[in-house]
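Written below as structure tokens is the structure these notes are about.
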Amino acid sequence: MNALGRHIIVELYDCKPSLLDDVTYVQNAMQNAAQQAGATIINLTFHHFSPYGVSGVVVIQESHLAIHTWPEWGFASIDLFTCGESTDPWKCYRVLKDAFLASHGSTIEMRRGQLELLKKNDYKPSSLLQNRNSITQKTNEKPIFRAENQHQEINTISKEIWFTERDENLALSLKHKGDLLFKKQSSFQKVEVFDTFAFGKALVLDGLVVATEKDEAAYHEMLVHPAFTFYTNSHSKPKKILIIGGGDGGTAREVLRYDCVEKVIMIEQDKIVTEAAKAHFEGLASALENPKLELVFSEANHFFDTYSDKHSKFDIIIVDAADTTHEPILDKIFFQKIYNLLADNGILATQCDAPRWHQEHFVSIINSLKETFLFAQNNKTVLPYLSSVASLPTGMWGFACASKNQENLINNQEKHTENSIILNEEDLSYYNEEIQKAAFCLPNFIKKILK
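Heads up, the sequence shown is in UniProt numbering, so the first residue is 1 and it goes up one at a time.
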């Protein structure tokens, strides 16, 4: 070969979209292609993007293979770059064309570093070689250099596989262990479970992280316990609870910590979310088989319209709806239906999105609550509050409690009555008595946007 390397640019058309969107499958296909071509693999790094698409690089001793996929177009763009005579990049092309079930492909081969245009010099990295012994002695590690023998065996392959949640202006990347633990397309959304290094198992809906083992308690405990504290400080213990959403089971788990609760109805529209939770989130799903829990798979508005026991209203209603499209479905019409099902002294608790990132949505939810619950300067029936949830956008998440009677909320944050239920804080990861007081202290930027 009269060049230093061979570079084949590949375009694959009419590929199967689901294969192009499966980061583990893409990684395995690229790894297999490199091995079939006789390459020695050093490192693999792959990212899955939200809502779809995969990018990855296979670093080989002979150079590299790189790919980016567009599942929505059934298209993959691939670079195959090899040095020396020992590796055949055309074998990579044939393996990948078959792997992605492409109807056809387009290729261009270029010779990189044509020898007749180059002049070899007498460069010898003497200073680097001198440092080599010093570094080896200090660290007792084997230094990494390009092998003189292109067929040298490298026993360890370093793999990095990433999931990336991304929108137009923000991205969160989580390194995970490779194989998807769970992946199903329901009638509503794509449901996935990744095993990440930083956050443990992560539940992902349509490419958005909605819960992780590491920090889900900061969300679920703060969604539930402030409302229960308000209620038990004002009235007898709550007995009947309604949960909207919450198919992963975390909200039900927190509600059923209270022995006084006699009945919980949970409305979840997507059975697949619950299936994933039961299979892979034992801690989240621990209450889903509790006999006090009635799990109804239904759309929330359908439940509101068909609920027959109108005279038996709920003491506490909790909205744990994962709004994966960030559309303002939590509007005044929605909250009015909840208002009608709430007992006179009942309390609503709802998640309100990320106030720093989805500011308009956060404000819209709070304003809808204020309109529904007749909030006024001297009638504070809606109280926003915050929690820190690291895996959610910006790490700051908004919530709110609302009640028909302001006496249920004000003057009750610090006092405890004979009805108060003091949870064993050792059983909780985030919530405590001090958090109950502090969470309702809002930063100035939130006070301004809510005026």
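All residues carry an ideal CB built from backbone N, CA and C; glycine is no exception.
Cβ pair residue i, residue j closer than 8 Å
i	j	result
C92	L80	yes
L77	A218	Rather than Leu, the amino acid found at residue 77 in this sequence is Ser. Cβ atoms of S77 and A218: not closer than 8 Å.
L174	A202	yes
Q269	S298	yes
I96	E165	Looking at the sequence itself, residue 96 is Leu, so the reference to Ile does not match. Not closer than 8 Å, so no.
I366	V382	yes
T87	A39	yes
D21	G74	no
K190	D215	no
K313	L256	no
T71	P17	According to the sequence provided, residue 71 is Pro. The question's Thr does not apply to it. Closer than 8 Å, so yes.
A321	Y385	no
L44	I157	yes
Q27	F49	no
A300	A252	no
L223	V363	no
C401	L348	yes
A285	G246	no
E192	G200	no
residue 456	P89	What is shown of the chain runs 1 to 451, which leaves residue 456 out entirely.
P238	I316	yes
T306	A354	no
Residue from the options whose Cα sits closest to the Cα of residue i
i	options	result
E294	I244, H47 and N432	I244
F182	H7, I60 and A277	A277
W162	L12, N345 and F197	F197
K240	S103, D248, G249 and F228	F228
K370	F335, P443, T394 and E275	F335
L428	E192, P71 and G283	G283
N379	L392, C352, R356 and E407	E407
N2	E72, H48, Q114 and L170	Q114
I8	M30, M110 and I60	M110
Q436	I410, E289 and P226	P226
Q351	I318, V261 and D344	I318
W397	F375, V10, E221 and C83	E221
H235	V204, G346 and H311	G346
F303	H311, I338, F281 and T274	I338
T274	K263, S55 and E289	E289
A99	T306, L117, G84 and Q36	Q36
I446	F399, L409 and K404	F399
E11	F373, L409, T232 and T69	T69
I267	C260, L374 and L242	L242
A29	R94, Q61 and L4	R94
Q31	S103, L118 and K159	K159
E85	S63, S103, S106 and G105	S63
L374	Q61, N405, D344 and A390	N405
T232	L4, H104 and L409	L409
K120	K271, G178 and L4	L4
Cβ-based burial, residue i [other Cβ within 10 Å; buried from 16]
i	result
A279	exposed
P443	exposed
S187	exposed
R146	Unreliable placement is indicated for R146, whose pLDDT of 40 sits below 50; no coordinate value is reported for it.
Q137	Annotation note: pLDDT 46 at Q137 (below 50); position unreliable, no value reported.
N340	exposed
R112	exposed
H358	buried
P143	Bear in mind that a pLDDT of 41 at P143, under 50, signals an unreliable position, so the model cannot answer this.
A171	exposed
Y431	buried
A376	exposed
E434	exposed
Q185	exposed
E153	In this prediction, E153 has a pLDDT of 44, which is less than 50 and means its spatial position is unreliable; what the coordinates show is noted afterwards. Exposed, since its Cβ has fewer than 16 Cβ neighbours within 10 Å.
L19	buried
Y258	buried
H311	exposed
D122	exposed
H361	buried
C83	buried
L342	buried
L117	exposed
H176	buried
S403	buried
Beta carbon proximity, residue i to chain B, threshold 8 Å
i	result
L341	The chain inventory of the structure shown lacks chain B, comprising one protein chain alone.
Cβ distance (whole Å) where residue i is taken to contact residue j below 8 Å
i	j	result
V23	I42	Their Cβ separation, rounded to whole angstroms, is 19 Å, which puts V23 and I42 out of contact at 8 Å.
I67	G56	5 Å
I265	V296	6 Å
Legend entry - Completely contained beta strand (DSSP E) runs for the stretch 174-260, where each covers 3 or more residues: As far as the stretch 174-260 is concerned, its whole beta strand (DSSP E) runs of at least 3 residues are 182-185, 190-196, 200-205, 208-212 and 240-245.
Legend entry - beta strand (DSSP E) runs wholly inside the stretch 363-448, at least 3 long, in chain order: Whole beta strand (DSSP E) segments, 3+ residues: 382-388 and 396-403.
Legend entry - Runs of alpha helix (DSSP H) wholly within the stretch 295-346 (minimum 4 residues, chain order): 300-306 and 332-341
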